[in-house]
Amino acid sequence: DTAVSQTPKYLVTQMGNDKSIKCEQNLGHDTMYWYKQDSKKFLKIMFSYNNKELIINETVPNRFSPKSPDKAHLNLHINSLELGDSAVYFCASSPRDNEQFFGPGTRLTVL
Amino acid sequence: KQEVTQIPAALSVPEGENLVLNCSFTDSAIYNLQWFRQDPGKGLTSLLLIQSSQREQTSGRLNASLDKSSGRSTLYIAASQPGDSATYLCAVPDTGNTPLVFGKGTRLSVIA
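Pasting the structure below:
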């Protein structure tokens, strides 16, 4: 199926751990994004990559580091996890100047 | 900086009613506008994309309109069904291929 996929779907971990979330799109899109949906369900951009290059980095703690090994993948690594990092993280992709398609989300719970 | 507002925050209607969800944005220089649907605990499903040069888009029972000059968009749902119950999100990019700025959504409940 053509889509944006994320793994894992659920992630439960202890404070202080380091974890990664993977995202892949097989839509041939140039641009990929990471969004965070907080406990109040508000969606906000974290990072934007275009052709493997970081374009936008909103005010996000530097414990969050995106990595794009190729145009189809954008992974998110989080160091020293904190309680406040608990949220749903969505990956998305789009062709230039057009509709964005979202992955199913990764629900991160930090205990 | 672009801000998106959605009214109402929640809406409950009986099955079969037609309804309108509203979205407004502060900077009218948008490239396009997207409406999404999000079911509880699920991801976002793109419903309609309106380019800045368009006035409306239709998909089945859904019709989205765009008035760039006044910074408004509406999503019209005809003959609502219980399966339409979800949160509806409006989003715009600032320019071109930039990330979307989202509204806080309208939570719709259609009662059978």
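Going down the list, the protein sequences come from chains A and B. Position 61, counted from 1, in the first sequence is what our numbering calls 61; the numbers after and before it change by one each time, with no gaps. Position 13, counted from 1, in the second sequence is what our numbering calls 1013; the numbers after and before it change by one each time, with no gaps. Think of the CB as a built atom: it goes at the ideal place given N, C-alpha and C, for glycine as much as any other residue.
- Neighbours of Pro1099 of chain B in chain A, taken as residues at a C-beta separation under 7 Å, are given in chain order as Tyr33, Ile45, Ser48, Ile56.
- In this chain, the beta strand (DSSP E) harbouring Pro1014 of chain B covers 1010 to 1014.
- By the rule that beta-carbons nearer than 8 Å mark a contact, Lys41 of chain A touches chain B.
- Residue environment: Gly105 of chain A is assigned as buried (16 or more neighbouring CB atoms within 10 Å of its CB, all protein chains considered).
- In this structure the segment 1004 to 1019 of chain B does not touch the segment 65 to 81 of chain A; the number of beta carbon pairs closer than 8 Å is below three.
- DSSP places Asp70 of chain A within a strand segment (E or B) once states are collapsed to three.
- For the segment 1050 to 1111 of chain B, the continuous beta strand (DSSP E) assignments of 3+ residues that do not extend past its boundaries occur at 1056 to 1059, 1062 to 1067, 1072 to 1077, 1086 to 1093, 1100 to 1102, 1106 to 1111, in sequence order.
- The Cβ atoms of Gly103 of chain A and Ala87 of chain A lie no closer than 8 Å to each other.
- A direct Cα-to-Cα measurement between Thr7 of chain A and Thr1058 of chain B gives close to 33 Å.
- For the pair Val1110 of chain B and Asp1084 of chain B, the CB atoms are nearer than the 8 Å cut-off.
- Looking at the backbone, the Cα of Ala1009 of chain B and that of Pro95 of chain A are separated by about 31 Å.
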